[in-house]
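Contents: one structure, followed by commentary.
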Amino acid sequence: MTTDADIRHGLYIAHRSALIDYAARILGSREAAEDIVQDAYLRFAPNRTSGDSARQALAYLYRIVRNLAFDVLKRRKIEVREQAGDPPFWTVPQTIETPEQTLILNDEVRIAADVLASLPRDVQIAVEMHRFGGQTLEEVAAHLGISVATAHRHVRSAMVKIAMAIGTVNS
Numbered sequence: 003m004t005t006d007a008d009i010r011h012g013l014y015i016a017h018r019s020a021l022i023d024y025a026a027r028i029l030g031s032r033e034a035a036e037d038i039v040q041d042a043y044l045r046f047a048p049n050r051t052s053g054d055s056a057r058q059a060l061a062y063l064y065r066i067v068r069n070l071a072f073d074v075l076k077r078r079k080i081e082v083r084e085q086a087g088d089p090p091f092w093t094v095p096q097t098i099e100t101p102e103q104t105l106i107l108n109d110e111v112r113i114a115a116d117v118l119a120s121l122p123r124d125v126q127i128a129v130e131m132h133r134f135g136g137q138t139l140e141e142v143a144a145h146l147g148i149s150v151a152t153a154h155r156h157v158r159s160a161m162v163k164i165a166m167a168i169g170t171v172n173s
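Note that the working numbering has the sequence shown beginning at 3, numbered continuously upward.
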């Protein structure tokens with residue numbers, strides 16, 4: 003008497019090479035595809051659902067292979083993203099600024115602070131929230147009770163004034 007497990011095993015053996023080809027197209031690697039197909043069989047074989055037609059069982063096996071292959075691709079993407087990322091700032095050697103560079107930076111900060119202080123209070127708040135606090139323009143607009151376009155204009159006009167003031171001093 004043929005059991006459900008025997009039918010599943012026979013189905014797997016009959017379609018193994020096609021499953022490997024299918025997974026290899028997704029993964030780009032035949033070796034990785036063979037591992038995926040083997041993992042898929044381990045998930046497919048003990049399944050206790052009886053009465054499935056061979057066609058349904060084969061579709062289920064292909065779906066397992068597909069899902070496992072996409073899981074591998076996701077893992078690869080995460081690993082690449084982690085490896086490709088810049089190292090933490092504290093591990094990178096910092097350049098030692100010269101006294102002149104420190105003086106120039108201090109002057110630019112003072113100029114920016116003076117320009118910002120000369121602007122209307124709502125513009126100051128918009129710049130501080132968006133540029134220093136990391137708030138979105140929507141959050142700035144909601145806080146100030148203005149439109150997003152107006153919040154954007156406030157931030158943009160202030161940044162232009164600051165850049166122009168710094169540019170005229172450095173010229």
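Built from N, CA and C at the ideal position, the CB exists for glycine as well. For clarity, every value in this text was computed on a predicted model and none was experimentally measured.
*Could you tell me which of Glu36, Leu146, Leu13 sits nearest to serine 55, measuring between CA atoms?*
Leu13
*asked:* Using the three-state DSSP reduction, which class does serine 149 fall into: helix, strand or coil?
replied: coil
*asked:* Using a 10 Å radius around the Cβ and a threshold of 16 neighbouring Cβ atoms, would you call isoleucine 164 buried or exposed?
replied: buried
*Which first and last residues belong to the alpha helix (DSSP H) in which alanine 128 is found?*
123-129
_Among Val39, Arg77, Lys79, the one whose alpha carbon lies nearest that of arginine 65_ = Val39
*asked:* Here's the rule: buried if 16 or more other CB atoms are within 10 angstroms of the residue's CB, otherwise exposed. What is phenylalanine 46?
replied: buried
*Backbone secondary structure at isoleucine 66 - three-state DSSP*: helix
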